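Going down the list, the protein sequences come from chains P and X.
First residue of the first sequence? That's 0 in numbering that gives the first Met the number 0, and the numbers climb one at a time after it.
First residue of the second sequence? That's 0 in numbering that gives the first Met the number 0, and the numbers climb one at a time after it.
Every residue, glycine too, gets a C-beta built ideally from N, C-alpha and C.
Treat the numbers as computed from the prediction; the structure is a model and nothing was measured.
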Amino acid sequence: MSALRESLGFLTSRLRQVGIFVALILIVILFQVLTDGILLQPQNVTNLVVQNSYILILAIGMVMVIIAGHIDLSVGSVAGFIGAVAGVMMVHWGWAWWIAIPACLLVGALVGAWQGYWIAYVGIPAFIVTLAGMLIFRGLTLITLKNQQITPFPDELRALGGGFLPDITGGTSVLEWLTVILGVGGTAAILFQAIKERRVRRRFNLENEPMAWFAVKNGFIAVLMLIITLLLASYRGTPVVLIVLAVLVIVYSALMNNSIFGRHIYAIGGNLHAAELSGIKTKRVTFRLFVNMGILGALAGLVFAARLNSAQPAGGTGFELDAIAAAFIGGAAVQGGIGTVAGAMIGGLIMGVLNNGMSILGLGTDYQQLIKGLVLLLAVAFDIFNKNRVGGTSKIAKAFSIRTKPPVTGGPTAVKDNASGQPAPVSSGTSAKP
Amino acid sequence: MNVPILQMRGITKTFPGVKALQDVTLDVNRGEVHAICGENGAGKSTLMKVLSGVYAHNTFDGDILFENEPCNFSSISDSEKRGIVIIHQELALSPYLSIAENIYLGNELSRNGWVDWRKTNLEAAKLLARVGLSENPVTPIQHISVGKQQLVEIAKALSKEVKLLILDEPTAALNDEDSDHLLDLILHLKGQGVTSIIISHKLNEIRKVADAVTIIRDGKSIETLRLDQGQITQERIIRGMVGRDLESLYPDRTPVIGEEVLRIEDWTVQHPQDHSRLVVNNASLNVCKGEVVGLAGLMGAGRTELAMSVFGRTYGRTVSGKVYKYGEEINTSTVSDAIKHGIAYATEDRKHYGLNLIEDIKRNISMAALNKLAKGGWVDGNQETTVANQYRKSMNIKAPSVAAITGKLSGGNQQKVVLSKWMFSDPDVLILDEPTRGIDVGAKFEIYTIIADLAAAGKAVIVISSELPELLGICDRIYTLSAGHITGEVPIADATQESLMHFMTQEKE
């Protein structure tokens, strides 16, 4: 009984993280039923991955920006612009892919540096700077393309968008074995990492998730990964872009958790003043954050152009909204300081499955937009209702009359009678919160 | 003459865990200027919030009679209807609206639902004349000085036909000239029959305007001194303000004081907005190895501003002066420079400036010195946890684990996290700003012990505090600040609360 109670208490205290996970599963099941099983057909799963890859790449950078308390509205235009630049470089100028791709990423970094300069050092709110950027880079896209699409791209670049890893058995077997090896290996690595993490936490006397939840969660993730592996392997194997995405997720998750840069991003978003007074160079961190966003935006633009096999004047339109939605559905806090790369990926997948499922059902973009909008609103509303943050007990936990944490009496702040007159630290001007 | 206008009886106000006011009595006569005195945190502002309806009538015990009728206010608008108007320390003006618009904000002069601009500006001009402010009523508030803004607040109060005007530290943000003008205005309004309650620390001001002084200490009303009975003297007020029992305990320590570590010379800081005000004026001080130096001063004396301007110029617009460490001049113009030179500053406002409340204990502790845990930009999470666990044990931080969110800890434990953070940055000089504010008595003793241990370990410690007994209990030497000047440097052997308060209320010419 107490174990059950403990598990329940844990689940309610982490309602958000658990909820998003459950939501994804429910949405998948819902559309699997509604589409008569088309959703999880091997070819469609492959499509799902490739179609969403550029949004997911953008969502990685976006969740970092949002954690720091900023926003970036320009990423769609930046992705379109880089697609155009790639078109000019590779098609018009005939640059080889191994020069053009790094050059495009460099242009992305410069774009990010441009926006980062205005946000971090001049102190203009990110909302304004990136709204301007949205217009500026859309304009530059049109100028670069002279309002006409550029096509076709060389095969090497197209592989980034629609290519697959080579079939090591030469296409003779039912399952594509390299995919199976990668999938099983990856699953094993994730489980190994989870168990190691749990051991470390126990060694340092940190609270662990209840064993039951730990087992269910990781068992489920493993099964999910293996199913996806199987589905991919029985179609054409592993899309190249999935490998790119997997590497990015691993690297950026590590960066956010274990690097000084990542820690400083959380510190700035959690409390800008405290971060400044702790000696964190907040302007420099903000600047680098936007440079990073520019590079990821460029990568997303390359993948998108590669998938379409053309650089389009309207390429990337609306991507920023999907990426922002992914980050917020994935649990990033509007006020900053909270969010994870993994969460943003799940948020992106929810949006992706909704898109894909509704398209299969033949729903028009009118209803698609309506439903996606409602999902975003509900996800963030859930956050607000369930404000299981500083000092508060979750309302839903209260409804279950479960104490998630022993109540802590707040400091008797009320007795001070001299609230004002304290100096504020010199603002870095980067505190704009959307 | 002595007709009571306000009688407050047995006022008791409790916040979770704290009795902010306990059986407070206040009698104010019609047409007088009544000052309320007390140390920071004594409960003065809480009492005024009770009176003005900020705290609704059912959230405290006791009775309020205004003009012999009981008051049951649920909000500020209830008390304003009866003619009680409070002007807070932080002015409640909208910077972009005009003077006239601000005066009638929420109370607009209208005809058929449309604002009557002609009447608004005409009436505003009359009110401005009453408070002696010669400004065009259409001037935006942001274009006039803080002193004049204060007068606009009073004009706004007059527009509400005020009978009892409450001013919470009205001169704290003003320069001398503006202060004098304001005090004259209060006396002028008194001549027109307006009763005033003024909260102030500045004893010379009180002597200038007050007909009566009520002293509040530790949430209790101590006594009311009356001018016509010759009771209002500086000594009497100081005795009333500090005369508490010195029961609280401080750890024993035998200071071993070594060489000078930090010296600040001729430090001058301007107010970031109002350049005519010097918040810190030519201050010099030093602190030695193993020494605990106190910085005493009343609200607005410039203690925090001095500390923050030294710590990476985090306060003030222009700063002049020099900082020496071990006799060599150092540059502390950014926070990371200051930290590099071994200076740490633990803020008085840990919730807003000290902690990331949505993050856990270990990440807060490592925040100021993350590079000590990192190789090539990557943080060693295990080492971080180990370090945090060490501090949790040595500082006795009460939490389920170092992965607990700091926002859920009690004030005392939060403060220990802040101190751990700075101890981990391994400073030579620690500046602790109000280290025991908002902390219960038991945790206070622990904080004092930590301070004593730091000094014993050879650190130089500067403690800023509003609580004089605290400074007397833990310091080896105490500087007093008043209006930005260092007015005294008192070795602990010669320091008493009275002597410190004397320096703290002294005005330098």
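By DSSP, does residue i sit in helix, in strand, or in coil?
i	result
PHE14(X)	strand
ALA418(P)	Because the pLDDT at ALA418(P) is just 37, under 50, the model does not fix this residue reliably, and the point stays unresolved.
TRP421(X)	helix
SER76(X)	helix
LEU205(P)	coil
THR412(P)	Below a pLDDT of 50, predicted positions are generally treated as unreliable, and THR412(P), at 36, falls in that range; no measurement from the model is reported.
LYS515(X)	This structure does not reach residue 515(X), given that chain X is present from 0 up to 508, and the question cannot be answered.
GLN514(X)	Residue 514(X) lies beyond the range of chain X shown here (0 to 508); nothing can be said about it.
TYR323(X)	strand
ASP452(X)	helix
TYR95(X)	coil
ASP432(X)	strand
ASP382(P)	helix
Taking the straight line between their C-alpha atoms, what separation do you get for residue i and residue j?
i	j	result
LEU307(P)	GLY236(P)	20 Å
GLY160(P)	PHE303(P)	7 Å
CYS287(X)	GLY483(X)	23 Å
GLY336(P)	THR405(X)	14 Å
TRP117(P)	ARG283(P)	12 Å
ILE81(P)	PHE152(P)	14 Å
ALA312(P)	ALA343(P)	It should be pointed out that residue 312(P) corresponds to Pro in this sequence rather than to Ala. Roughly 28 Å separates the two Cα atoms.
ASN1(X)	ASN28(X)	6 Å
THR213(X)	LEU25(X)	7 Å
ALA300(X)	ILE438(X)	23 Å
TYR54(X)	SER73(X)	7 Å
MET47(X)	LYS162(X)	15 Å
LEU354(X)	VAL246(P)	33 Å
Within 8 Å of any Cβ in chain X, is that where the Cβ of residue i sits?
i	result
TYR53(P)	no
GLY390(P)	Here GLY390(P) scores only 36 on pLDDT, less than 50, and its place in the model should not be relied on; the value that follows carries that caveat. Yes - at least one Cβ of chain X is within 8 Å of the one on GLY390(P).
VAL199(P)	yes
LEU14(P)	no
GLU206(P)	yes
TYR265(P)	yes
ILE259(P)	yes
LYS280(P)	yes
ARG287(P)	no
GLY329(P)	no
Using a beta-carbon distance below 8 Å, is residue i in contact with chain P?
i	result
SER400(X)	yes
SER419(X)	no
MET503(X)	no
ARG362(X)	yes
TRP377(X)	yes
ALA373(X)	yes
THR313(X)	yes
Cβ atoms of residue j and residue i: under 8 Å apart, would you say?
i	j	result
LEU244(P)	SER52(P)	yes
SER308(X)	VAL292(X)	no
ALA78(P)	MET88(P)	no
PHE327(P)	VAL374(P)	no
ILE196(X)	LYS155(X)	no
LEU276(P)	THR346(X)	yes
SER51(X)	ASN106(X)	no
GLY218(X)	GLN413(X)	no
LEU235(X)	LEU226(X)	Here the sequence assigns Arg to residue 235(X), which means Leu is not the residue at that position. Contact flag unset, no.
VAL49(X)	ILE85(X)	no
SER109(X)	PRO136(X)	no
VAL334(X)	THR313(X)	yes
With 8 Å as the threshold, decide whether the Cβ of residue i is near any Cβ in chain A.
i	result
LEU276(P)	Among the protein chains in the structure shown, which are P and X, there is no chain A.
Any heavy atom of the ligand COA closer than 7 Å to the CB of residue i?
i	result
PHE423(X)	For the structure depicted, the ligand COA is absent and the ligand set is empty, with no information on it obtainable.
Item checked: Sequence ranges, alpha helix (DSSP H) only - wholly within the region 135-217 of chain X, length at least 4 -> Taken in chain order, the complete alpha helix (DSSP H) segments of 4 residues or longer contained in the region 135-217 of chain X are 145-158, 175-190, 202-208.
Next item on the list: Would you list, in sequence order, the uninterrupted beta strand (DSSP E) runs of no fewer than 3 residues that lie entirely inside the region 259-296 of chain X?
Entry: The qualifying runs are 259-269, 277-287, 291-296.
Note to self: Runs of 4 residues minimum, wholly inside the region 10-70 of chain X: which ones carry the alpha helix (DSSP H) assignment?
What the structure shows: As summarised for the region 10-70 of chain X, the continuous alpha helix (DSSP H) elements at least 4 residues long and confined to that stretch are 43-51, given in chain order.
Next item on the list: Output the residue ranges of the alpha helix (DSSP H) runs that lie fully inside the region 110-190 of chain P and measure 4 residues or longer, sorted by chain position.
Entry: Correct list: 125-144, 154-161.
Next item on the list: Report the residue ranges of all alpha helix (DSSP H) runs contained in full by the region 13-52 of chain P; include only those spanning at least 4 residues, in chain order.
Entry: Fully enclosed alpha helix (DSSP H) runs of 4 or longer: 14-33.
Next item on the list: Please list the segments of the alpha helix (DSSP H) lying wholly inside the region 206-279 of chain P, counting only runs of 4 or more residues, in order along the chain.
Entry: Every alpha helix (DSSP H) stretch that sits fully inside the region 206-279 of chain P and reaches 4 residues is listed by chain position as 210-232, 239-257, 259-269, 271-276.
Next item on the list: Starting from the N-terminal side, write out each stretch of the beta strand (DSSP E) that is 3 residues or longer and does not extend beyond the region 287-311 of chain P.
Entry: Runs of the beta strand (DSSP E) inside the region 287-311 of chain P: none found.
Note to self: Could you tell me which whole alpha helix (DSSP H) segments of length 4 or greater appear in the region 349-401 of chain X?
What the structure shows: The region 349-401 of chain X contains these whole alpha helix (DSSP H) runs: 360-364, 380-393.
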